[in-house]
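My numbering runs 1 ahead of the 1-based position in the sequence shown.
C-beta: ideal position from N, C-alpha, C; glycine also.
See structure below.
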Amino acid sequence: MPASFTTTTSSPSPSPPETLEAIQPLFFPDGNLILRSQNKLFKIYRGILTSQSPVFRDLLSVPHTGSRMDGCPVVVLQDDPAEVEIFLRSLFEGSYFEPVPYRTSVKILTGVLRLAHKYDVQHLRQRALRHLATAFPTSLSSLTLREADEWTFEMTTEDRVSLTTLAHDVDALWALPIGLHKLTFQLPFNDLFDSAQLGLTESQRRGCLKALDNYSHSCFEMTRFLMQDEDPGSPNSWQADCEHVEQCSIARYTWLSTLQKLIASTAVEEGAGRISPFYLWGDHFWDAYSTKVCSRCVARDRELHRRASDRLWDLLPGNFGLPSWVRLKQLKIEDLGGNV
2 MPASFTTTTS SPSPSPPETL EAIQPLFFPD GNLILRSQNK LFKIYRGILT SQSPVFRDLL
62 SVPHTGSRMD GCPVVVLQDD PAEVEIFLRS LFEGSYFEPV PYRTSVKILT GVLRLAHKYD
122 VQHLRQRALR HLATAFPTSL SSLTLREADE WTFEMTTEDR VSLTTLAHDV DALWALPIGL
182 HKLTFQLPFN DLFDSAQLGL TESQRRGCLK ALDNYSHSCF EMTRFLMQDE DPGSPNSWQA
242 DCEHVEQCSI ARYTWLSTLQ KLIASTAVEE GAGRISPFYL WGDHFWDAYS TKVCSRCVAR
302 DRELHRRASD RLWDLLPGNF GLPSWVRLKQ LKIEDLGGNV
């Protein structure tokens, strides 16, 4: 059972005494510093804390003139007590927050990243960002229907909102393009108009709305390779190298009609269900498509699709008012300490 302390304060009107809770296992009997967050108390080792955090080192270098408890100075924090507990456990318990590829949770990741950034605990900030990077990639090749298998934590749409906002708050700009892009296609329309609720900047909100406005056009560009040529006699026509023109023409028309119906239905979807252009034509489609058209058409169309994907991907950061992928990847290397 956690220990408790009762304190009283003088005031013009009577008030019930406040009960303070000592949080185990972060209330060490021989600790020499107490951190207080709301009514939660953490009795820890000052030397360990200041050796890891320049912010606490500077804070505690000033002679303490505040309250004391249990023979220790008390430092009051304005942070959420649950996140303080997570942060301190990650400092004092080696197995509590382990590096990638070990699993963690959004709750633990959030608490560590927010406070490690605030108090400049670089090794924990870097570890947390490496976990974040598993679900917020900076390469197009990482976007697959099975990408969640690489994540080190489970994540809902609400979690993606909070983590995207947190990435902005801790200056992890490299995580924002894919975070904002996915929110564009996962959130209801009305939520995208409330940037304050989502914690987005105005340029980021405009980027989300622009992506929705351009949704049909982006999908068209990603599936342009299916279109029938206006000039079948052109040397660039798919028919120039096709082995079975009639068969491939029918297959193209069938697939195009199917995708147009899918795009039209999801373009007006108000909630979850809109499909990102990057997922519109994935490996499962290629497998099926390859059984309907000749091998030469498949090779040509794969290359055209790759080029369209690359163009759309290259434009992604700028749509949200962010630096280019080249710059963002440089920032990511600095954040993660290389090897990204």
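Would you grab the beta carbon distance between residue i and residue j for me? Rounded to a whole angstrom, and I think it's under 8 Å.
i: Pro74; j: Leu27; result: 16 Å between Cβ atoms; not a contact.
i: Glu151; j: Thr135; result: 5 Å
i: Glu335; j: Arg297; result: Not a contact, Cβ separation roughly 45 Å.
i: Glu222; j: Leu313; result: 7 Å
i: Pro310; j: Phe279; result: Correcting the residue type first, residue 310 is Ser in the shown sequence and not Pro. About 7 Å; that satisfies the 8 Å criterion.
i: Thr51; j: Leu61; result: 6 Å
i: Leu167; j: Arg206; result: Contact flag wrong, Cβ pair sits at about 17 Å.
i: Ile351; j: Ser204; result: What is shown of the chain runs 2 to 341, which leaves residue 351 out entirely.
i: Gly67; j: Tyr46; result: Wrong, their Cβ atoms sit about 19 Å apart, outside the cutoff.
Consider the Cβ of residue i: report whether some Cβ of chain C lies at a distance smaller than 8 Å.
i: Pro102; result: Here chain C cannot be found, since the structure has a single protein chain.
Would you call the CB atoms of residue i and residue j closer than 8 Å?
i: Leu130; j: Leu337; result: yes
i: Arg301; j: Asp242; result: yes
i: His124; j: Thr153; result: no
i: Glu100; j: Arg128; result: Reading the sequence as shown, one finds Pro at residue 100 and not Glu. Contact: yes.
i: Arg227; j: Cys209; result: Before going on, a small fix: residue 227 reads as Leu here, not Arg. Contact: no.
i: Val113; j: Ser38; result: no
i: Phe29; j: Lys41; result: no
i: Thr111; j: Ser163; result: yes
i: Ala252; j: Val294; result: yes
i: Leu188; j: Thr158; result: yes
i: Ser277; j: Phe186; result: yes
i: Gln53; j: Val107; result: no
i: Leu317; j: Leu174; result: no
i: Pro138; j: Leu323; result: no
i: Val171; j: Tyr120; result: no
i: Ala117; j: Arg126; result: yes
i: Phe321; j: Leu213; result: no
i: Leu281; j: Cys220; result: yes
i: Trp239; j: Tyr290; result: no
i: Ile109; j: Phe93; result: no
Since residue i is in the beta strand (DSSP E), which residue starts that stretch and which ends it?
i: Cys73; result: 73 to 78
Per DSSP, residue i forms a beta bridge with which residues?
i: Ser38; result: Lys41, Leu78
i: Phe28; result: Lys44
i: Arg253; result: The partner list for Arg253 (beta bridge, DSSP) is empty, contrary to what the question assumes.
i: Arg69; result: Pro74
Which first and last residues belong to the alpha helix (DSSP H) in which residue i is found?
i: Met223; result: 216 to 223
i: Ile276; result: Where Ile276 is concerned, there is no enclosing alpha helix (DSSP H), given that its DSSP letter is neither H nor E.
i: Glu151; result: Neither: Glu151 is in no alpha helix (DSSP H) and is coded neither H nor E.
i: Gln127; result: 123 to 134
i: Asn1; result: Nothing in the structure corresponds to residue 1, since the chain is present only between 2 and 341.
i: Asp160; result: 158 to 170
i: Val56; result: 55 to 61
i: Phe186; result: 177 to 187
i: His118; result: 107 to 119
query: Whole alpha helix (DSSP H) runs in the region 288 to 330 with 4 or more residues, listed along the chain?
result: Runs of the alpha helix (DSSP H) inside the region 288 to 330: 296 to 320.
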